[in-house]
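Protein chains in written order, with our numbering: chain W, 1 to 203; chain Z, 204 to 406. Don't be surprised by glycine CBs; every beta carbon is placed ideally from N, CA and C.
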DNA sequence: TATTACTGACTAACAAGTCAGCAATATCGC
DNA sequence: GCGATATTGCTGACTTGTTAGTCAGTAATA
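Right under this line is the structure:
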């Protein structure tokens, strides 16, 4: 009777599997309320093994945030940077799509974690700022400059803060995080914002 | 030798003092990381006394949120509802002031607590929604209707979501919660938003 | 003298982090 | 190939530290 082995050794895959499990757990319960034991069970391993790959709970937390940031956000930003559309087409196309996607994506979970745990992990906040926020804002700023050079936007566009584009996205995200079930027409919010911005910027 | 008494009995004031101390502690460390012992020390009492007035940590938490909500937000909303200015004056005056105040007010702390602890306290979220959000949005909606009746806004103003006004305020708030030290010209953000909205709404 | 707001030491429970031993695989000798 | 042996990924019971919540006793007021 060929016994099923109790476990398989999978040194290579464990870190990623643990990080994925931890992300799920943190997303559901937050950092403080998540037990390492939970994470381990989700990953189908014992608690002890978690500590072989991540020395502390905090280290695991940071790995999770960076993991999500790198794997998911990166693609979105690159997508925004490489485009040959006119400014208006770009805003109503890829940019709008991007904004619609974010509030329901893992990025929202990371934001929640940063809001609640950020103050105790300043280096993580710094990392997030440099790798996501600064790059994202930079991309939009570059886009505005290109629009002015092409004569699609008036000069004053250069003074606009990129944040102005993202405000309704932010509100939608927070709304979903707090009032999960209360409806909100977020698409309309974002579209209206972009309409107003186009009117405001057009040459 | 008339000894200073070790403590005074102040049944009436304790609950409020404890709630105030708890608010400070939660603001600094979040709900999970705050020890009841901390709260008690801040309030200048023993840990045991806290439990005389609040049966559990959770009950104290809810009391704190409701306390802040009732004491501070209420005044702001009423302020917005009673005004005899023209719509534009109102937007550029009281409404803008309100928006500028919120991100640095205790409301921001409550938002942080709701984002991180909300999912585990649905009744608290519901309470906040009804007493703050619904009323706030209602006030803005009423204001838009009045503007249309007076002929200051075009008919389509009625379709605008009140959230559109608040989006930059929300972004500013979250920005401050996460990136405390990174600068952001939030006044400009809000003013630009109101400019654009006025252009968009004007008859 | 009676009442009760208040103290602070205590308990109970839970969760992070450790580690001795086990069992799955890699390696070696034949 | 194949069994013996070495290596190490992995387990799970254990220790340790922390904190929510209790309660017998004390001292301030009525």
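Supposed close pair residue i, residue j - CB separation, criterion 8 angstroms
i, j, result
"residue 42 of chain W", "residue 194 of chain W", "With a Cβ gap of about 39 angstroms, residue 42 of chain W and residue 194 of chain W do not count as contacting."
"residue 237 of chain Z", "residue 224 of chain Z", "Incorrect: roughly 10 angstroms between the Cβ atoms, too far for contact."
"residue 408 of chain Z", "residue 169 of chain W", "Residue 408 of chain Z falls outside the range modelled here, since chain Z spans only 204 to 406, and no answer is possible."
"residue 353 of chain Z", "residue 290 of chain Z", "7 angstroms"
"residue 367 of chain Z", "residue 198 of chain W", "With a Cβ gap of about 15 angstroms, residue 367 of chain Z and residue 198 of chain W do not count as contacting."
"residue 139 of chain W", "residue 148 of chain W", "With 8 angstroms as the limit, residue 139 of chain W and residue 148 of chain W do not qualify as a contact, their Cβ atoms being about 15 angstroms apart."
Residue from the options whose Cα sits closest to the Cα of residue i
i, options, result
"residue 324 of chain Z", "Z:240, Z:263 and Z:239", "Z:263"
"residue 291 of chain W", "W:146, W:175 and W:178", "Residue 291 of chain W cannot be examined here, being either before or after the span of chain W that is shown, 1 to 203."
"residue 313 of chain Z", "Z:330, Z:300 and Z:297", "Z:330"
"residue 114 of chain W", "Z:215, Z:402, Z:219 and Z:233", "Z:233"
"residue 363 of chain Z", "W:5, W:165, W:196 and W:135", "W:196"
"residue 204 of chain W", "W:100, W:11 and W:157", "There is simply no residue 204 of chain W to check, as chain W begins at 1 and stops at 203 in what is shown."
"residue 281 of chain Z", "Z:394, Z:208, Z:345 and Z:393", "Z:345"
"residue 19 of chain W", "W:9, W:198, W:36 and W:175", "W:36"
Length of the line joining the Cα atoms of residue i and residue j
i, j, result
"residue 124 of chain W", "residue 62 of chain W", "7 angstroms"
"residue 256 of chain Z", "residue 384 of chain Z", "37 angstroms"
"residue 272 of chain Z", "residue 335 of chain Z", "7 angstroms"
"residue 340 of chain Z", "residue 173 of chain W", "17 angstroms"
"residue 144 of chain W", "residue 261 of chain Z", "48 angstroms"
"residue 118 of chain W", "residue 381 of chain Z", "6 angstroms"
"residue 2 of chain W", "residue 71 of chain W", "Its pLDDT being 42, under 50, residue 2 of chain W is placed unreliably by the model, and the measurement read from it follows with that caveat. So the two alpha carbons sit approximately 40 angstroms from each other."
"residue 269 of chain Z", "residue 286 of chain Z", "27 angstroms"
"residue 17 of chain W", "residue 108 of chain W", "21 angstroms"
"residue 214 of chain Z", "residue 252 of chain Z", "10 angstroms"
"residue 203 of chain W", "residue 27 of chain W", "44 angstroms"
"residue 166 of chain W", "residue 235 of chain Z", "31 angstroms"
"residue 333 of chain Z", "residue 300 of chain Z", "23 angstroms"
"residue 394 of chain Z", "residue 217 of chain Z", "43 angstroms"
"residue 243 of chain Z", "residue 38 of chain W", "32 angstroms"
"residue 4 of chain W", "residue 51 of chain W", "26 angstroms"
"residue 44 of chain W", "residue 162 of chain W", "44 angstroms"
"residue 176 of chain W", "residue 210 of chain Z", "47 angstroms"
"residue 135 of chain W", "residue 250 of chain Z", "47 angstroms"
"residue 288 of chain Z", "residue 259 of chain Z", "47 angstroms"
"residue 298 of chain Z", "residue 306 of chain Z", "14 angstroms"
"residue 387 of chain Z", "residue 23 of chain W", "30 angstroms"
"residue 315 of chain Z", "residue 292 of chain Z", "32 angstroms"
"residue 355 of chain Z", "residue 116 of chain W", "42 angstroms"
"residue 64 of chain W", "residue 9 of chain W", "22 angstroms"
"residue 358 of chain Z", "residue 154 of chain W", "29 angstroms"
Contacts of residue i in chain W (Cβ-Cβ under 7 angstroms)
i, result
"residue 385 of chain Z", "129"
"residue 436 of chain Z", "With chain Z running from 204 to 406 in the structure shown, residue 436 of chain Z is simply not present."
Under 8 angstroms by beta carbon: chain W residues contacting residue i
i, result
"residue 270 of chain Z", "Those do not exist, as residue 270 of chain Z stays about 19 angstroms from chain W at its closest Cβ, beyond 8 angstroms."
"residue 324 of chain Z", "By Cβ distance, chain W contributes nothing, its closest Cβ being about 11 angstroms from residue 324 of chain Z, past 8 angstroms."
Residue i: contacting residues in chain Z (beta-carbon distance under 8 angstroms)
i, result
"residue 185 of chain W", "364"
"residue 219 of chain W", "With chain W covering only 1 through 203, there is no way to say anything about residue 219 of chain W."
"residue 199 of chain W", "399, 402 and 403"
Proximal residues of chain Z, C-beta to C-beta of residue i below 9 angstroms
i, result
"residue 189 of chain W", "364, 366, 367 and 370"
"residue 56 of chain W", "Within chain Z, no residue comes near residue 56 of chain W; the closest Cβ sits about 16 angstroms away, beyond 9 angstroms."
"residue 82 of chain W", "Ordered by position in chain Z, no residue passes the 9 angstroms Cβ test against residue 82 of chain W, which lies about 26 angstroms from the chain."
Closer than 9 angstroms at the beta carbon, the chain W residues around residue i
i, result
"residue 253 of chain Z", "Neighbours of residue 253 of chain Z on chain W: none; closest Cβ ~20 angstroms, over 9 angstroms."
* If contact means a Cβ-Cβ distance below 8 angstroms, which residues of the stretch 141 to 174 of chain W contact chain Z? -> 160, 161, 163, 164, 166, 167, 168, 170, 171 and 174
* Asked: What residues in the stretch 104 to 117 of chain W bring their beta carbon closer than 7 angstroms to a beta carbon of chain Z?
  -> 112, 114, 115 and 116
* Could you list the residues in the stretch 231 to 251 of chain Z with a C-beta less than 7 angstroms from some C-beta on chain W, going in chain order? => 233, 235 and 236
* What residues in the stretch 292 to 308 of chain Z bring their beta carbon closer than 8 angstroms to a beta carbon of chain W? -> none
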